[in-house]
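Colleague:
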Amino acid sequence: MLKGRAFKFGDSISTDHIVPGRLAHLRSNLPELAKHVLEDADPTFASRVKTGDFIVAGNNFGLGSSREHAPLVIKMAGISAILVKSVARIFFRNAINLGLPVLVCDTDKINDGDELEVDLEQGIISDKTNGNQLTFKKIPKAMLSILDEGGLIPYIKKHGDFKL
Amino acid sequence: MGKTLAEKVLSRKSQIDVYAGDIIVASVDLAFVQDTTGPLTVREFEAAGFKSPANGRKTVLFLDHATPSPNRQLSNDHILLRSFARRTGSRLFDVGEGVCHQIVAESLVKPGDVIIGADSHTVTAGGLGAFATGMGSSDVAVAFALGKTWFRVPESIRVVVSGSLQKGVYAKDIILHLIGSIGADGATYQSLEFSGDTIDTMSVSGRLTIANMAIEAGAKVGLFAADEVTHKYLIEQARGDDYQPISPDTDASYIRKITIDATKIEPTVSKPHTVDNTATAKELKGTMIQQVFIGTCTNGRLEDLAVAASILEGKKRHPETRVIIAPASKKILLQAIEAGYIQTFIEAGAAILPPGCAACLGLHQGVLGEGEACLSTANRNFKGRMGNPDAFIYLGSPATAAATAISGEITDPREVL
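Dropping the structure here:
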C-alpha cells in the first residue's frame, strides 16, 4: 500500500517543466539535478515533497522530450506514483522502466494536499481526506512485468532478454 | 488483412504478421543517443553489466545538443561518450557534424528500417519510410546490448493532404495546422500516416519536417511511404542502393481518417506555451519579436535556408530583432555557402552558428531574456524551452521567420514574397 499527500498540477506538464534543458549540465550530477524537479511548474515543490507523496495531474503529463531524467528526478524526490488523466507515451514508458508507477484515473476528484492511499494490487485509490474511492486503468501486461521487477534494467538482468 | 505502414515495417522486422495492439519484439537497424541522453544510457548499459553492443555499426552516439560545449560539465559528458564509442567500437559523430536526425536522414536510414533513439524527434526518419521512434536511456541501453526492443504495434491515423499549397505556405504550416486541430495529445500512442497528392509531390525535406513534429501530437511515429521522391533523395545522398519502395495496403485498417485541404492552409504559428496553440501569422501581426531562430531538425535543411535567403536577400534585419541561423548539418552548411545563402544571411545581419541543435533547447547559443519573444523554426515552445521560463516562443516556417526578421513583428511571409 502506497501512502502520501497529493501534489496537484494542471494539464500539459512537459518534460521542460520537470527538468528543463538549461539544466543539462547537471544530468551527470543527479542529486543536484533532483533539487530542481518540477521547478518551472512549482518552484516550492522540491522543498515540500516527502517520501511516499503523489503527483496528481491532468492531461498529457510528461509531453515532450525522451529525457529519462524527468521520471528519474521525480522518483528521486520520493514520489511513489504519478496519478494523471492521461500521460504522454515516452514519459509513460520511461517511468515504468524506472519502476515508477503512472496510474490513469479521474484526478478531478483529488484535491491538492489530500491524503491518499494507493493499492496497486487491487487497483484502488482511496482519498482519505474527502472519502472518495477511485479506480485506475490497468497497466498493460507487458509493462506490468517490467514494473514488477523494479524497472527495465533489473528486468533484463534477471531474464537476460524480453519475455513479455 | 491489409497492413498500414507501421504494421508492414514491424511485421517484416519481427518476422510475423503483426497488427495494431500486438506486443512484439523487433530487431533494430539503428539505436542512437545524443549528448544529453547518452551519458545516462552509458551508465545504465554498464549498470546492467553489458560489455559491448550487439552491433557497433548500428550503435551511434551524436554530439549535437551542446556543441561546442558551453561548460565543463557537458565537456565531461562528451568525454564519457567519446570514450564509450572508442571502447565499444560504436560510431560517434562529433562537434560540428550536425543534428542527429539530419545525419540519420542523410547517411544512415533506409526505408523499412526500425530505428530507436534517445531523443523524442527520432520520429523524423519516418519521412523516409522508417519506423523510427524516441525512447528513454534505459530502452536504448538495452537495444544497444541486445540489438532489439519491444513495441506495441500502434493504431494508425490516416492523414490525407490534397491540393497545392499557396505561395508562402510550406510543410511546416501543414503540420502546425494539423497539431492545432487535433491537439498536442491528438495522436498519443498512434502512428500518423501521411498520404495524398500534396504529400506525393512533396520533397523529402518537407516530409522530414512533418514527420519530425508527429511527436508534438503525441504520436509514436509519423510515417510516409517510400516512393520515387525518396529514391531520388537517396541517390542524391549517394545511397541509391538503400532504396526499397514501401507503401500501405489499400485495404489497411485505420482508426481515424483526417483530410486536409492544402489549398486552404495559411502561414501558421504556434503561440506560447504549447504547440497546439495555433493562429495564422496574419492574426499575430503586431507581436514584437526580439529573436528569430532559423535551424534545427525541423527546419534547418537547405530548402529551408533557400526560402529564408530568398526573403532576406538585399534586406536588413529589424534593428531590434537579432537573427540566428544554424544549418542542421555540415553538408547543409557547405551547400548553403556554395549557394550564397550564408553570405546573404550575414549581410542581412544574422549570426551564423555551427551545425547542431543550437538555441532550440535552451542550454546555449541564443538563450532568451526575461519577457523576450522568439520566432523559431523549431518544434517546441514549452515554457522554459529556450532557457528562460519568463520568455515566449512562437513557432513558424522559415519563410515566416525571415519575414519577421525584417519587420520585427510576426509577419505573414506572403507580404514579402
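Going down the list, the sequences are from chains A and B.
Residues in the first sequence are numbered from 1 upward in steps of one, following the numbering used here.
Residues in the second sequence are numbered from 1001 upward in steps of one, following the numbering used here.
Ideal Cβ placement from N, Cα and C applies to all residues, glycine included.
What first and last residue would you give for the beta strand (DSSP E) that runs through glycine 1222(B)?
Modeller: Start at 1 with the first residue of the second sequence, and residue 1222(B) comes out as number 222. Looking at the DSSP string, the run of the beta strand (DSSP E) that includes glycine 1222(B) is 1221-1224.
Colleague: So the beta strand (DSSP E) arginine 1152(B) belongs to, where does it begin and stop?
Modeller: Here residue 1152(B) refers to the residue found at position 152 when the second sequence is read from its first residue. That run of the beta strand (DSSP E) goes 1148-1152.
Colleague: Quick check: the Cα distance between alanine 1125(B) and glycine 123(A), rounded to an integer number of angstroms?
Modeller: Position 125 of the second sequence, counted from the start, is the residue given in the question as residue 1125(B). Position 123 of the first sequence, counted from the start, is the residue given in the question as residue 123(A). Approximately 39 angstroms between the Cα atoms of the pair.
Colleague: Going straight from the alpha carbon of threonine 1037(B) to that of histidine 1177(B), what length do you get?
Modeller: Taking the first residue of the second sequence as position 1, residue 1037(B) is located at position 37. Taking the first residue of the second sequence as position 1, residue 1177(B) is located at position 177. Going from the Cα of threonine 1037(B) to the Cα of histidine 1177(B) covers about 30 angstroms.
Colleague: Report the start-end ranges of each beta strand (DSSP E) in the segment 1334-1384 of chain B that is 3 residues or longer and not cut off at the edges.
Modeller: For the segment 1334-1384 of chain B, whole beta strand (DSSP E) runs of length 3 or above, ordered along the chain, are 1350-1352, 1373-1376.
Colleague: The beta strand (DSSP E) that contains serine 65(A), what's its start and end?
Modeller: To locate residue 65(A), count along the first sequence from 1; it is residue 65. Premise fails: serine 65(A) is in no beta strand (DSSP E) and is neither H nor E.
Colleague: Indicate whether at least one CB of chain B lies closer than 8 angstroms to the CB of leucine 100(A).
Modeller: By one-based count along the first sequence, residue 100(A) stands at place 100. No, leucine 100(A) does not count as interfacial toward chain B.
Colleague: If you draw a straight line from the C-alpha of arginine 22(A) to the C-alpha of histidine 1364(B), how long is it?
Modeller: Position 22 of the first sequence, counted from the start, is the residue given in the question as residue 22(A). Position 364 of the second sequence, counted from the start, is the residue given in the question as residue 1364(B). Taking the straight line joining both Cα atoms gives about 8 angstroms.
Colleague: What is the DSSP secondary structure of threonine 1201(B), counted as helix, strand or coil?
Modeller: For the purposes of this step, residue 1201(B) is taken as residue 201 along the second sequence, with counting starting at 1. DSSP places threonine 1201(B) in coil when its eight states are reduced to three.
Colleague: Could you tell me whether the segment 1165-1180 of chain B touches the segment 1059-1070 of chain B, using the rule of 3 or more Cβ pairs below 8 angstroms?
Modeller: No, the segment 1165-1180 of chain B is not in contact with the segment 1059-1070 of chain B.
Colleague: How many Å lie between proline 1319(B) and glycine 1366(B) at the Cα?
Modeller: Within the second sequence, residue 1319(B) is the residue found at index 319, counting from 1. Within the second sequence, residue 1366(B) is the residue found at index 366, counting from 1. Cα-Cα distance, rounded: 17 angstroms.
Colleague: Have a look at Gln1015(B), Ile1393(B), Ile1406(B), Leu1302(B) and flag the residue whose alpha-carbon is nearest the alpha-carbon of glutamate 1347(B).
Modeller: As a first step, residue 1347(B) must be located in the second sequence, where it is residue number 347. Checked all of Gln1015(B), Ile1393(B), Ile1406(B), Leu1302(B); the closest Cα to glutamate 1347(B) is Ile1406(B).
Colleague: The beta strand (DSSP E) with phenylalanine 1050(B) in it runs from where to where?
Modeller: To locate residue 1050(B), count along the second sequence from 1; it is residue 50. No beta strand (DSSP E) holds phenylalanine 1050(B); DSSP gives it neither H nor E.
Colleague: Between histidine 69(A) and chain B, is there a C-beta pair that is closer than 8 angstroms?
Modeller: Sequence index remark: in the first sequence, residue 69(A) carries index 69 (1-based). It does: the Cβ of histidine 69(A) has a partner Cβ on chain B nearer than 8 angstroms.
Colleague: On the premise that proline 1267(B) lies in contact with arginine 1414(B), defined as a C-beta separation below 8 angstroms, what is that separation, rounded to the nearest angstrom?
Modeller: In the second sequence, residue 1414(B) corresponds to position 414, counting from 1. In the second sequence, residue 1267(B) corresponds to position 267, counting from 1. Arginine 1414(B) to proline 1267(B), Cβ: 7 angstroms. Contact.
Colleague: Got a sec, what are the start and stop residues for the alpha helix (DSSP H) glycine 1180(B) sits in?
Modeller: The sequence position of residue 1180(B) within the second sequence is 180, counting from 1. Start and end: 1171-1182.
Colleague: With the cut-off set at 8 angstroms, would you say lysine 3(A) and glutamate 117(A) are in Cβ contact?
Modeller: Here the question's residue 3(A) lines up with position 3 in the first sequence. Here the question's residue 117(A) lines up with position 117 in the first sequence. A contact, by the Cβ cut-off of 8 angstroms.
Colleague: Going by the CB atoms, is the gap between valine 1033(B) and valine 1140(B) shorter than 8 angstroms?
Modeller: Residue mapping note: residue 1140(B) aligns to position 140 of the second sequence, counting from 1. Residue mapping note: residue 1033(B) aligns to position 33 of the second sequence, counting from 1. A contact, by the Cβ cut-off of 8 angstroms.
Colleague: Tell me the rounded alpha-carbon separation between leucine 1418(B) and lysine 1264(B).
Modeller: With chain B covering only 1001 through 1417, there is no way to say anything about residue 1418(B).
Colleague: Check whether the segment 44-64 of chain A and the segment 1144-1153 of chain B touch, using three or more Cβ-Cβ pairs below 8 angstroms as the test.
Modeller: The answer is no - the segment 1144-1153 of chain B does not touch the segment 44-64 of chain A, with fewer than three Cβ pairs under 8 angstroms.
Colleague: Shorter than 8 angstroms from the beta carbon of glutamate 1044(B) to some beta carbon of chain A?
Modeller: Indexing the second sequence from 1 puts residue 1044(B) at position 44. So yes, glutamate 1044(B) belongs to the interface.
Colleague: Per DSSP, which residues does glutamine 1015(B) bridge with? Please list them.
Modeller: Taking the second sequence and counting its residues from 1, the one referred to as residue 1015(B) is at position 15. None; glutamine 1015(B) has no bridge partner.
Colleague: Within 8 angstroms, do at least three Cβ pairs link the segment 141-154 of chain A to the segment 1224-1238 of chain B?
Modeller: As far as the Cβ criterion goes, the segment 1224-1238 of chain B does not touch the segment 141-154 of chain A, which means the pair count is below three.
Colleague: Helix, strand or coil for phenylalanine 1084(B), going by three-state DSSP, please let me know.
Modeller: Walking along the second sequence from the start, residue 1084(B) turns up at place 84. Looking at phenylalanine 1084(B) - three-state DSSP - the assignment turns out to be helix.
Colleague: Specify the secondary structure class of valine 73(A) as computed by DSSP and reduced to three states.
Modeller: What you label residue 73(A) is simply residue 73 of the first sequence in a count that begins at 1. Of the three classes helix, strand and coil, the one that applies to valine 73(A) here is helix, per DSSP.
Colleague: Evaluate contact between the segment 1104-1116 of chain B and the segment 1024-1033 of chain B, counting only Cβ atoms and requiring at least three cross-stretch pairs below 8 angstroms.
Modeller: Yes: the two stretches touch, three or more of their Cβ pairs being nearer than 8 angstroms.
Colleague: Considering only C-alpha positions, which residue in the set Lys1003(B), Ala1402(B), Asp1077(B), Gly1049(B) is nearest to serine 28(A)?
Modeller: Here residue 28(A) corresponds to residue number 28 of the first sequence, with the count starting at 1. Checked all of Lys1003(B), Ala1402(B), Asp1077(B), Gly1049(B); the closest Cα to serine 28(A) is Asp1077(B).
Colleague: Under 8 angstroms Cβ to Cβ from threonine 1280(B), same chain only, skipping five residues before and after it: list those, please.
Modeller: The residue given as residue 1280(B) occupies position 280 in the second sequence. Cβ within range, chain order: Glu1266, Pro1267, Thr1268, Val1269, Asp1412.
Colleague: According to a CB-to-CB cut-off of less than 8 angstroms, which residues of the segment 1362-1387 of chain B neighbour chain A?
Modeller: If the cut-off is 8 angstroms between Cβ atoms, the segment 1362-1387 of chain B has Gly1362, Leu1363, Val1367, Arg1380, Phe1382, Lys1383, Gly1384, Arg1385, Gly1387 near chain A.
Colleague: Along chain A, in chain order, which residues have C-beta atoms closer than 8 angstroms to that of proline 1068(B)?
Modeller: Numbered from its first residue, the second sequence carries residue 1068(B) at position 68. Those do not exist, as proline 1068(B) stays about 14 angstroms from chain A at its closest Cβ, beyond 8 angstroms.
Colleague: Under three-state DSSP, which class holds glycine 1408(B)?
Modeller: Position 408 of the second sequence, counted from the start, is the residue given in the question as residue 1408(B). Glycine 1408(B) falls in the coil class under three-state DSSP.
Colleague: Note down, in chain order, each residue of its chain lying with its Cβ closer than 7 angstroms to the Cβ of alanine 41(A), except the 5 sequence neighbours on either side.
Modeller: As a working note, residue 41(A) is residue 41 in the first sequence. Only Phe9, Ile13, His17 meet the Cβ criterion.
Colleague: Taking contact to mean at least 3 C-beta pairs separated by less than 8 angstroms, is the segment 1126-1136 of chain B in contact with the segment 1088-1100 of chain B?
Modeller: Not touching, per the Cβ criterion.
Colleague: Cα-Cα, which of Lys1003(B), Ile1103(B), Leu1040(B), Ile1255(B) is closest to leucine 1333(B)?
Modeller: Residue mapping note: residue 1333(B) aligns to position 333 of the second sequence, counting from 1. It is Ile1103(B).
Colleague: Under 6 angstroms Cβ to Cβ from aspartate 1261(B), same chain only, skipping five residues before and after it: list those, please.
Modeller: Start at 1 with the first residue of the second sequence, and residue 1261(B) comes out as number 261. Correct list, in chain order: Gly1163.
Colleague: Any contact of the segment 90-99 of chain A with the segment 67-80 of chain A, i.e. 3+ C-beta pairs under 8 angstroms?
Modeller: With a cut-off of 8 angstroms, the segment 67-80 of chain A and the segment 90-99 of chain A count as touching, because enough Cβ pairs lie within range.
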